[in-house]
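Once you know that position 83 of the sequence shown is 82 in numbering that gives the first Met the number 0, the rest is easy, because the numbers rise by one and skip nothing. Heads up, the beta-carbon is just placed ideally off N, CA and C, and yes, glycines get one too. In this text the structure is predicted, and so the values were computed from the model without any measurement.
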Amino acid sequence: MIISITKKCIWKIINILPFTRFFFETREAQTPITFSIWFFQKVLGFNKTAYWPVHFTSIVGNPKNIYAGIDTSPGYSPGCYIQGGGKVYIGDYTQIAPNVGIISSNHDLHDSRKKVVSEVRIGKYCWIGMNSVILPGVVLGDFTIVAAGSIVTKSFPEGFCVIGGNTAKIIKLLEKDKCKPFINTYEYNGYIKAEKFEDFRKKNLKL
């Protein structure tokens, strides 16, 4: 009984304080901001410059080149490698499983000292399965599901499909009328309220 009352009091305090409100307001999101992930990231410094929650075992390079949509936190799951050498755009409510690689630049074929920079664009309501790799220049439309272990080398801009394999190809087309968009009660781009994100983007991102 006492523990239950204490928890309720803590949640009330969290909800009142602007600095900690995101703990409360994202608790039912797909990528909730938990105290442990916040502590490792913002206090201990793992992926400290990313503006969205990232697991301490994941690596995010150059987050200023990365657009993370609402309730979309690339690297939230363990072991991911999100490389912002080129620009990376990931739409709202897209989820990324453990050990996923998203690569936006690569070595020149004839001179490994040179980097070939490209873009990656992933739509809304996508799901990138475990151990998948998305290579530079790939565009994935809304409601694209990438099967676990896939290597995605070409684009599927129409979306509404399941792709998989090495190299990835369409496994199944989804029925559009069965794909249901949704929104959270509280919308956040990472640690930032959605209504404030455009200002943040203009001031801090290269996108």
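Can you tell me whether residue i is helix, strand or coil according to DSSP?
i, result
"residue 22", "helix"
"residue 145", "strand"
"residue 113", "coil"
"residue 42", "helix"
"residue 186", "coil"
"residue 107", "coil"
"residue 206", "coil"
"residue 70", "coil"
"residue 47", "coil"
"residue 175", "helix"
Contact defined as beta carbons within less than 8 Å: I believe residue i pairs with residue j. What is the distance between those atoms, to the nearest angstrom?
i, j, result
"residue 68", "residue 82", "About 18 Å; that fails the 8 Å criterion."
"residue 182", "residue 146", "26 Å between Cβ atoms; not a contact."
"residue 97", "residue 129", "5 Å"
"residue 32", "residue 25", "5 Å"
Tell me the DSSP bridge mates of residue i?
i, result
"residue 82", "60, 102"
"residue 29", "According to DSSP, residue 29 bridges with nothing at all."
"residue 163", "168"
"residue 155", "139"
"residue 126", "94, 144"
"residue 87", "65, 119"
"residue 132", "100, 150"
In its own chain, which residues sit with a C-beta less than 8 Å from the C-beta of residue i, not counting the 5 before and 5 after it?
i, result
"residue 40", "46, 47, 49, 52, 53, 55"
"residue 158", "122, 125, 139, 140, 141, 142, 143"
"residue 90", "68, 71, 121, 122, 123, 124, 125, 141"
"residue 27", "183, 184"
"residue 29", "70, 92, 94"
"residue 152", "134, 137, 166, 167"
For the beta strand (DSSP E) holding residue i, just list the boundary residues, first then last.
i, result
"residue 120", "118-121"
"residue 65", "65-67"
Taking the alpha helix (DSSP H) that residue i belongs to, which residues open and close that run?
i, result
"residue 201", "193-203"
"residue 36", "34-37"
Please list, in chain order, all residues of the same chain as residue i whose beta carbon is under 7 Å from its beta carbon, the five residues on each side excluded.
i, result
"residue 86", "64, 103, 118, 206"
"residue 191", "50, 199"
For chain D, is any of its Cβ atoms less than 8 Å away from the one on residue i?
i, result
"residue 84", "The displayed structure is made up of one protein chain only, and chain D is not part of it."
Please go through the same chain and pick out, in chain order, the residues whose beta-carbon is closer than 6 Å to the beta-carbon of residue i, but skip the five residues on each side of it.
i, result
"residue 136", "117"
"residue 79", "57, 99"
"residue 148", "130"
"residue 161", "144, 170, 171"
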